[in-house]
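Have a look at the structure below before the remarks.
Chains as they are written, first to last, in our numbering: chain A, 334 to 668; chain B, 1435 to 1773.
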């Protein structure tokens, strides 16, 4: 990766972020509902009190001015106060982010662990049993809504068989001093296997739900990439060398067939961010996705704006990362 | 062509002996018989040329020999004996041990035959490792790497120790072809099947690569099957030659003899296509027509439609007949034509 390419990518971020800020701001401004009314709904507030609060939060100023203030503050890294938490938005998000990162990483790993072997086997035994089952599975994976699948999993594993917890991230009693803020990792690092088991049991259903659509897409990508590679001359040549079938498949073929899968996986990770909102809500997962959903309901403008900007940055960075990965895996391409 | 031969290794038994080979491909249009009754012998140390146009079955014949006919194709009939072993009876493990060690193959285009994602080192070393029963376990990796570098040097890659860790795309076309040859020959096979080794190369590089193969054949004492559609290449580099047409061998014999005195109308047509330096003004006479579809042939000479000597008696299955010393052709009108 040349530094020039890096700089050009970072420059590309600027218009994207500006555009995203405008869109989010306009959407929030056009959405009916007023945070102050929602906050004071249960209290018998006088119009004067409402007015004072609106003034306090800056909501009485014209939209354009509010946007200007938001932009200039954001440029200095100040995203304002969350209306409801009365704390800096930045802190609130930072608090919730690790849970989302843990869930997303787990889903990504699961999706790769399912799709790569499945796609390879489906391609090698084309039209075989595994291939057909994978095709049906992929169809379900892409067409079933995540919340429905999540609820089915809860009913099955948590309610019927009582194997796994219904929701949350950790049972009380497992207080592990944070290192990475990822519960599964921290509990291992601190040598608390029981807490690790607990964290894992909470993680597995939401991660599975989140990974399913991605695993479905990646299986198809892996299968078709593998089929294409298996037809190529270098596979015939490798066979003519008398090396083992296993080596031909998992080294010669897969190293080439992984390129599209990994690239798509990196891009699709961005789409997990959207899935997070649904899955975190269904499983009561204390992450950013659920926070954003709640914040939208109560018109917590500063938080939603900051979170969406964060999503946009993540998305662009993931695309960038996908390009870098593509180069690393494919020695013929140099960015 | 399995009668007496005139070269130095006269008395020895053939290294490879193919009899009545038939290889088929099921297609939507019907069963394509890509190779139909091919008999071939390759003797130790010799270079056999296989000539024919695309679709004549020359590549499929040798894909059958090395057990790599692309699915859904299959060897339907015949025997393939190599060093006394019936290859059609090998299981997958037997094939694995044979390929690369006893019979090696190079492909037309090294750019597509070499794995773009693996270094040259890995692609040579893996063949050596797969067949390295003779190497001690301890220090095997180092020994294998040394032998890989040695192979690259043998085929004329400059600074092999430095370049071995490069990827195929970092080499020129001619160098890639050499690397592919180095891989094929790294276990000193008894037989090299070189499938169109020069088609993808510039003319200047072609001669170098062919000379390299000829030199290595002598140096390593192996046999070479040179598959090509270029009679000039055959004339210069082979001891004997078999001409294939529509899935059959139509003429076979010692190279000099066959080129000087071609008997089959098809071979005569092929040789007529080579422009001669002595007579550059002579018009090139192309063979009219196309290779027939290889579905449901039989009961007629396969060259019938394109043959300028066709007659009613050619409407039958033609077998190979002796037309000279170790020289056979699949034409019943040979005597009449030559007059």
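Every residue gets a Cβ at the ideal spot worked out from N, C-alpha and C, and that includes glycine.
Since the structure is predicted, the reported quantities are computational estimates derived from the model, not experimental observations.
Original post:
Looking at the structure shown, is residue 1674(B) part of a helix, part of a strand, or coil, going by DSSP?
Top reply: DSSP places residue 1674(B) in strand when its eight states are reduced to three.
Subject >> Helix, strand or coil at residue 535(A) [DSSP, three-state] >> reply: In the three-state DSSP reduction, residue 535(A) falls in the helix class (H, G or I).
Subject >> Distance, residue 583(A) Cα to residue 1562(B) Cα >> reply: When rounded, the distance between both Cα atoms is 19 Å.
Original post:
What does a CB cutoff of less than 6 Å around residue 1764(B) pick up in its chain, not counting 5 residues either side in sequence?
Top reply: Taken in chain order, the residues that qualify are 1684, 1752 and 1754.
Original post:
What's the gap between the Cα of residue 559(A) and the Cα of residue 534(A)?
Top reply: Each residue's alpha carbon lies about 34 Å from the other.
**OP:** For residue 663(A), go through chain D and note every residue whose CB falls closer than 8 Å to its CB, in chain order.
**Re:** Of the chains in the structure shown, none is chain D; the protein chains are A and B.
Original post:
Can you give the Cα-Cα distance for residue 1494(B) and residue 1508(B), rounded to whole angstroms?
Top reply: Between the alpha carbons of residue 1494(B) and residue 1508(B) lies a gap of roughly 10 Å.
Original post:
Once you ignore the five residues that flank residue 1618(B) on each side, which residues in its own chain have a CB closer than 7 Å to its CB?
Top reply: The beta carbon of residue 1618(B) lies closer than 7 Å to those of 1538, 1539, 1540 and 1626 in the same chain, with the five residues before and after it left out.
Original post:
Taking buried to mean at least 16 other C-beta atoms within 10 Å of its own C-beta, is residue 460(A) buried or exposed?
Top reply: With fewer than 16 other beta carbons inside 10 angstroms of its own, residue 460(A) counts as exposed.
Original post:
Just curious, the alpha helix (DSSP H) that residue 571(A) is in, first and last residue?
Top reply: Taken as a continuous stretch (DSSP letters only), the alpha helix (DSSP H) holding residue 571(A) covers 566-573.
Original post:
What did DSSP end up calling residue 1487(B) once you bin it into helix, strand or coil?
Top reply: Reduced to three states, the DSSP call for residue 1487(B) is coil.
**OP:** With DSSP as the reference, please indicate the residues paired to residue 1456(B) in a beta bridge.
**Re:** Looking at the DSSP assignment, residue 1456(B) forms a beta bridge with 1470(B) and 1511(B).
**OP:** Using a Cβ cut-off of 7 Å (strictly closer), state whether residue 1539(B) contacts chain A.
**Re:** Residue 1539(B) counts as touching chain A.
Subject >> Cutoff 7 Å: residue 453(A) Cβ touching any chain B Cβ >> reply: So no, residue 453(A) is outside the interface.
Subject >> Interface residues of the stretch 563-576 of chain A facing chain B [CB-CB below 9 Å] >> reply: So the close ones are 564, 565, 566, 567, 568, 569, 570, 571, 572, 573, 574, 575 and 576.
Original post:
What residue range is occupied by the uninterrupted alpha helix (DSSP H) comprising residue 518(A)?
Top reply: Here the alpha helix (DSSP H) through residue 518(A) covers 516-522.
Subject >> Partners in chain B for residue 579(A), counting only beta-carbon separations shorter than 7 Å >> reply: Identification of chain B residues near residue 579(A) by a Cβ-Cβ cut-off of 7 Å yields none; the smallest Cβ-Cβ distance measures about 11 Å.
Original post:
Is the distance from the Cβ of residue 1463(B) to the Cβ of residue 1681(B) below 7 Å?
Top reply: Taking 7 Å as the Cβ cut-off, residue 1463(B) and residue 1681(B) do not qualify as a contacting pair.
Original post:
Counting only runs that start and end within the stretch 410-434 of chain A, where is the alpha helix (DSSP H) found for 4 or more residues in a row?
Top reply: Counting only runs of 4 or more, we get nothing.
**OP:** Using only alpha-carbon positions, find the residue among 650(A), 442(A), 661(A) and 518(A) that is nearest to residue 532(A).
**Re:** Considering only alpha carbons, the answer is 518(A).
Subject >> residue 1598(B) - DSSP class collapsed to helix/strand/coil >> reply: When DSSP states are grouped into helix, strand and coil, residue 1598(B) belongs to the coil group.
Subject >> Start-end ranges of the alpha helix (DSSP H) lying completely within the stretch 1507-1564 of chain B, minimum 4 residues >> reply: The stretch 1507-1564 of chain B contains these whole alpha helix (DSSP H) runs: 1526-1532, 1544-1547 and 1554-1564.
**OP:** Could you check what DSSP says for residue 348(A) in three-state terms: helix, strand or coil?
**Re:** Residue 348(A): helix per DSSP, three-state reduction.
**OP:** May I have the straight-line CA-CA distance separating residue 590(A) from residue 562(A), to the nearest angstrom?
**Re:** Cα atoms of residue 590(A) and residue 562(A): separation of roughly 6 Å, rounded to the nearest angstrom.
**OP:** Closer than 8 Å, Cβ to Cβ, to anything on chain B: give me those residues from the stretch 458-470 of chain A, in chain order.
**Re:** Residues: none.
**OP:** Give every residue of the same chain whose Cβ lies closer than 8 Å to the Cβ of residue 425(A), excluding the five residues on either side of it in the sequence, and list them in chain order.
**Re:** Annotation for residue 425(A): 415, 418, 624 and 636 place their beta carbon closer than 8 Å to its own, counting only its chain and skipping 5 residues before and after.
Subject >> Below-7 Å beta-carbon distance, residue 535(A) vs any chain B residue >> reply: No, because no Cβ of chain B sits closer than 7 Å to the Cβ of residue 535(A).
Original post:
Relative to the alpha-carbon of residue 516(A), which residue among 610(A), 398(A), 352(A) and 433(A) has its alpha-carbon at the smallest distance?
Top reply: Nearest Cα to residue 516(A) within the set 610(A), 398(A), 352(A) and 433(A): 433(A).
**OP:** Count the C-beta pairs between the stretch 1604-1624 of chain B and the stretch 1576-1588 of chain B that are closer than 8 Å, then say yes if the count reaches three, no if not.
**Re:** Note that the stretch 1604-1624 of chain B touches the stretch 1576-1588 of chain B; at least 3 beta-carbon pairs, one per stretch, sit closer than 8 Å.
Original post:
Looking at residue 1697(B) and residue 1643(B), is the spacing between their C-beta atoms short of 7 Å?
Top reply: No.
Original post:
Helix or strand or just coil, what does DSSP make of residue 1683(B)?
Top reply: Shown here, residue 1683(B) sits in a strand according to DSSP, grouped into three states.
**OP:** From the DSSP output, in three-state form, read off residue 1762(B) for me.
**Re:** Here residue 1762(B) sits in strand by DSSP.
Original post:
Given that a residue counts as buried once 16 or more other Cβ atoms are within 10 Å of its Cβ, and exposed if not, what is residue 1536(B)?
Top reply: So residue 1536(B) ends up on the buried side.
Original post:
Hey, out of 574(A), 428(A) and 565(A), whose CA is closest to residue 1545(B)'s CA?
Top reply: Comparing Cα positions, the closest option is 565(A).
**OP:** Using three-state DSSP, classify residue 1463(B) as helix, strand or coil.
**Re:** In the structure shown, residue 1463(B) sits in coil (DSSP, three-state: anything other than H, G, I, E or B).
Subject >> Residue-level contact to chain A via CB, residue 1560(B), 7 Å cutoff >> reply: Yes, because at least one Cβ of chain A sits closer than 7 Å to the Cβ of residue 1560(B).
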